[in-house]
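Number of protein chains: 2
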Amino acid sequence: MQSSPDLLFKALADPSRRALFERLCLEGEQTVGALTAGAGISQPAVSKHLGILKQAGLVQGRDEGRQTHYSAQQRALAPLVDWTGRMNRFWEARFDDLEDLLKRMDQ
Amino acid sequence: MQSSPDLLFKALADPSRRALFERLCLEGEQTVGALTAGAGISQPAVSKHLGILKQAGLVQGRDEGRQTHYSAQQRALAPLVDWTGRMNRFWEARFDDLEDLLKRMDQ
DNA sequence: CATATTCATAACTAAATAGTTATGGGATTA
DNA sequence: TAATCCCATAACTATTTAGTTATGAATATG
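Top line first, the protein sequences correspond to chains B and A.
The letter at position 92 of the first sequence is residue 104 when you use my numbering, and the numbering goes up by one with no holes.
The letter at position 9 of the second sequence is residue 21 when you use my numbering, and the numbering goes up by one with no holes.
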């Protein structure tokens with residue numbers, strides 16, 4: 013699933029969700045039960061967070077019997093990287109303009 | 013001001029705040045009045061958003077007479093870039109492990 | 001000095017959100 | 001089949017939050 017920066021920022025703004033996503037990135041695929049274990053919140057809360065992460069395209073669920081294995085969806089962060097890159101680029105462009113200006117003033 | 017990923021994500025999760033920050037990145041320094049003009053929300057709302065962006069280290073205010081000029085604070089995005097980089101790195105590490113495993117299984 | 005302008009803060013309201021407990025459906029196990 | 005386990009959803013609550021209007025402080029202008 014493709015996701016706009018808006019959904020991504022909103023999904024990652026919550027500490028519990030970010031922690032879940034980090035765990036999936038660092039430790040790999042996990043069941044809801046395993047994720048609930050170290051989360052400090054109830055299982056329904058974890059499920060709801062995973063739903064939001066999934067809707068943002070950040071995670072993926074794989075049903076296996078009665079348990080669901082969740083994993084991080086790597087490419088989902090791309091729009092974030094793009095966005096930060098864009099902001100940086102424009103800033104540098106303005107900085108270059110300033111440098112140009114200063115150079116021209118020097119002459 | 014230094015900022016943790018948490019403050020950054022929270023600050024940038026709101027569309028109005030992100031729009032303000034983008035304008036400051038793309039168009040450079042602006043007064044509150046100028047920012048309010050194209051924002052679609054009231055001046056107090058803009059001021060409040062700017063306060064939150066400032067607390068997250070994303071913008072900087074410069075008093076000049078009765079108006080305040082705000083500008084984007086470039087380095088503030090660094091923790092975000094770091095964070096996304098970390099997540100990517102771990103994912104790639106797991107991917108490398110998988111490749112290693114497959115190679116070893118091949119032999 | 002009197003008036004107008006610019007911004008920030010206070011006080012309030014409506015909506016969104018993150019958590020809870022309760023429940024039920026589907027899959028395993030005895 | 002009966003009991004158990006895993007997860008998702010429903011229903012509710014408390015808190016946070018994004019917006020509003022009102023106001024005031026500081027600066028500029030007539």
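In this text, a Cβ means the ideal position worked out from N, Cα and C, and glycines have one as well.
{"query": "Please classify GLY50 (chain B): does DSSP put it in a helix, a strand, or coil?", "result": "coil"}
{"query": "Which runs of the beta strand (DSSP E) fall wholly inside the segment 17-78 of chain B and span at least 3 residues, in chain order?", "result": "71-76"}
{"query": "Using the C-alpha atoms, what's the distance from SER28 (chain B) back to LEU19 (chain B)?", "result": "16 Å"}
{"query": "Please confirm whether ARG30 (chain A) and LEU47 (chain A) have their CB atoms less than 8 Å apart.", "result": "no"}
{"query": "In whole angstroms, give me the CA-to-CA distance for TYR82 (chain A) and GLU39 (chain A).", "result": "11 Å"}
{"query": "Roughly how many whole angstroms lie between the Cα atoms of SER54 (chain A) and LYS66 (chain A)?", "result": "18 Å"}
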